[in-house]
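Asks: Take 1 as the starting number for the sequence shown in this note's numbering and just add one per residue. All residues carry an ideal CB built from backbone N, CA and C; glycine is no exception. This is the structure, below, for whatever I ask next.
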Amino acid sequence: MKVLITGIAGFVGFHTARALSAKGHEVVGVDSLSPYYGIGLKQARLEALGDRAAFHEISVADRERFGRFVEDEAPDVMVHLAAQPGVRHSIEHPFDYAEANLLGHLSVLEACRHSKSIRHLVYASSSSVYGDTSTVPFSEDQAAVEPVSLYAATKRADELMSSSYAHLYGLKQIGLRFFTVYGAWGRPDMAYWMFTQRIFDGEPIRVFNGGQMRRDMTYVDDVVAGVVAAIETAPDFAEAERPHRVYNVGNSTPEPLMDMINVIERLVGQPAEKIMEPMQPGDVTETYADISRFQADYGYVPKTRMEDGLAVFVDWYRDWRQRG
C-alpha cells in the first residue's frame, strides 16, 4: 500500500512513517518545516527516517502545488497529520492556525476529493475539541461545541469540514482525537519536555493551576498503533451512513500533573523547584478519553504506562542533549 503522510517531519508523522515502513508499506511524505519549534529536530527526524520514506518540502496550505503532488503520487491512503499545534501559541498567533489548520485541511479534502486513487483519508484531531468540561470520560457523543482556545476551534472546524465532504462527495474519512501524545522525538513545547529540560538544567518549572490538573497521557507508540490500524483497515460504513467517523485515541487513564512531575524528577535524578501559577487562558483542567468505540471497531488497546513511557523519553532526551 502506498501511504502519503502530511506533517511527516512532525512528532506523530515521523513515528507513523517508521511504523508503516517497517510493515512493508511505501511511504511518501510532505512537510512545510515550519519554525514553530527548532527545525533542527524536524531535520533530525527526517535523517533518522532515511530512505524509509520519500520526503518533499511542501505546505498543504499551498493547495495548487499540493493538489498536483497528490495527483502525481497517486497514494492509496492519505494520513493528514500536518497542523499548527499549541494551545497557548494560538492566543498570540491566531492567523497561523487559520492558514495551517483551516486552509490546510480544506486543501487536503480537495486533493482527496479529486484523487482517483485514494481509498480513504485518516486525519488528526485533538482532545481539545471537548473544551473544559467536567463530564468525563470524554465520549465522541458529546457535543464538543464549547472550545476554549482557537486551536481547539480550528480542529473542531476541521471535523465539520470533513463531515460535509463525506456528505457531499462520499469521501471516506476517519478522524482521530489524540490525547496528550508524548515520547521520544517529541515536541519541545509540551509540558513533559519542558519539565525534563528545566530539571536537567537546574531551572525552576512553572506549574499551572497549582498543579490541580490531570492529563490522559498517551505514549506515541500506542497512538501510532491506532493510526496504522485506521490506515490498514478500510472503514466499513453502512449504506445510509455518512462515511465519516471520529474516534478518541487515548490511554483512558488521566494522570495528575504532580504525579507526572514526580516521575520525571525521579528519572532525571534531582528535584525541581516549582513555581505555582494560575490557570492559563485556553487550558483545561482534565482530559480523559473514553476509547471503547475505537477498541470495538479497530481493536485499539493502549499498552504503555506513564512511568514506562516517560522513562523511554528521558533516556532519549539525555542522548539528545549530548548531541547538542
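Under the DSSP definition of a beta bridge, which residues are partnered with Val215?
Replies: Taking the first residue of the sequence shown as position 1, residue 215 is located at position 215. Inspection of the sequence shows that residue 215 is occupied by Arg rather than by Val. Bridge partners of Arg215: Glu255.
Asks: Please say whether Leu176 and Ser329 have beta carbons closer to each other than 8 Å?
Replies: Lying before the first or after the last residue shown, residue 329 is absent from the chain, which here runs from 1 to 324.
Asks: Could you give the distance in angstroms between the alpha-carbon of Val108 and the alpha-carbon of Met190?
Replies: Here residue 108 refers to the residue found at position 108 of the sequence shown. Here residue 190 refers to the residue found at position 190 of the sequence shown. Distance between the alpha carbons of Val108 and Met190: 26 Å.
Asks: Would you give the residue range spanned by the beta strand (DSSP E) that Glu57 belongs to?
Replies: One-based indexing of the sequence shown puts residue 57 at position 57. Run containing Glu57: 54-57, per the beta strand (DSSP E) assignment.
Asks: Decide if Pro85 is buried, meaning its Cβ has at least 16 other Cβ atoms within 10 Å, or exposed.
Replies: By one-based count along the sequence shown, residue 85 stands at place 85. Answer is buried; the Cβ neighbour count reaches 16.
Asks: Do the CB positions of Gly38 and Gly13 come within less than 8 Å of each other?
Replies: Residue 38 sits at position 38 when you count from the first residue of the sequence shown. Residue 13 sits at position 13 when you count from the first residue of the sequence shown. Going by C-beta atoms, Gly38 is not nearer than 8 Å to Gly13.
Asks: Taking 8 Å as the threshold (C-beta atoms), are Asp290 and Phe179 in contact?
Replies: Walking along the sequence shown from the start, residue 179 turns up at place 179. Walking along the sequence shown from the start, residue 290 turns up at place 290. No, the Cβ-Cβ distance between Phe179 and Asp290 is not below 8 Å.
Asks: Express the C-alpha separation of Tyr288 and Ser252 in angstroms, rounding to a whole number.
Replies: Within the sequence shown, residue 252 is the residue found at index 252, counting from 1. Within the sequence shown, residue 288 is the residue found at index 288, counting from 1. In a straight line, the C-alpha of Ser252 is about 6 Å away from that of Tyr288.
Asks: Who are the near neighbours of Ser32 in its chain, counting only those whose CB is closer than 6 Å to its CB and skipping five residues on each side?
Replies: For the purposes of this step, residue 32 is identified with residue 32 of the sequence shown, where counting begins at 1. Closer than 6 Å at Cβ, skipping near neighbours: Ser59.
Asks: Can you name, in chain order, every residue of its own chain whose Cβ lies under 7 Å from the Cβ of Gln270, other than the five neighbours on each side?
Replies: Mapped onto the sequence shown, residue 270 falls at position 270. If we look at Gln270 and ignore the five residues flanking it on each side, its Cβ neighbours are Ile199.
Asks: Between the C-alpha atoms of Val268 and Ala9, what's the straight-line distance to the nearest angstrom?
Replies: Locating residue 268 in the sequence shown gives position 268, where the first residue counts as 1. Locating residue 9 in the sequence shown gives position 9, where the first residue counts as 1. Using only the alpha carbons, I get a separation of about 27 Å.
Asks: Mark Thr135 as exposed unless 16 or more other C-beta atoms lie within 10 angstroms of its C-beta, in which case mark it buried.
Replies: Indexing the sequence shown from 1 puts residue 135 at position 135. When all chains shown are included, Thr135 counts as exposed.
Asks: If we count Cβ pairs, one from each stretch, closer than 8 Å, do we get three or more for the segment 87-95 versus the segment 16-26?
Replies: These segments do not touch.
Asks: To the nearest angstrom, how far is it from the Cα of Ile275 to the Cα of Phe195?
Replies: As a working mapping, residue 275 is identified with position 275 in the sequence shown. As a working mapping, residue 195 is identified with position 195 in the sequence shown. Distance between the alpha carbons of Ile275 and Phe195: 12 Å.
Asks: Taking the alpha carbon of Ala166 as the reference point, which residue from Lys155, Arg242, Trp316, Leu49 has its own alpha carbon closest?
Replies: As a working note, residue 166 is residue 166 in the sequence shown. The shortest Cα separation from Ala166 among Lys155, Arg242, Trp316, Leu49 belongs to Arg242.
Asks: Going by the CB atoms, is the gap between Glu140 and Val246 shorter than 8 Å?
Replies: For the purposes of this step, residue 246 is taken as the residue at position 246 of the sequence shown. For the purposes of this step, residue 140 is taken as the residue at position 140 of the sequence shown. For Val246 and Glu140, yes; Cβs fall inside 8 Å.
Asks: Smallest Cα separation from Gly131: which of Glu110, Ser115, Arg119, Ala153?
Replies: As a working mapping, residue 131 is identified with position 131 in the sequence shown. If we check each option's Cα against that of Gly131, Ala153 comes out closest.
Asks: By alpha-carbon positions, which one of Ala53, Pro235, Asn209, His80 ends up nearest to Met258?
Replies: In the sequence shown, counting from the first residue as 1, residue 258 sits at position 258. Considering only alpha carbons, the answer is Asn209.
Asks: Verify whether the separation of the beta carbon atoms of Asp283 and Val87 is less than 8 Å.
Replies: Here residue 283 refers to the residue found at position 283 of the sequence shown. Here residue 87 refers to the residue found at position 87 of the sequence shown. Yes. Within cutoff.
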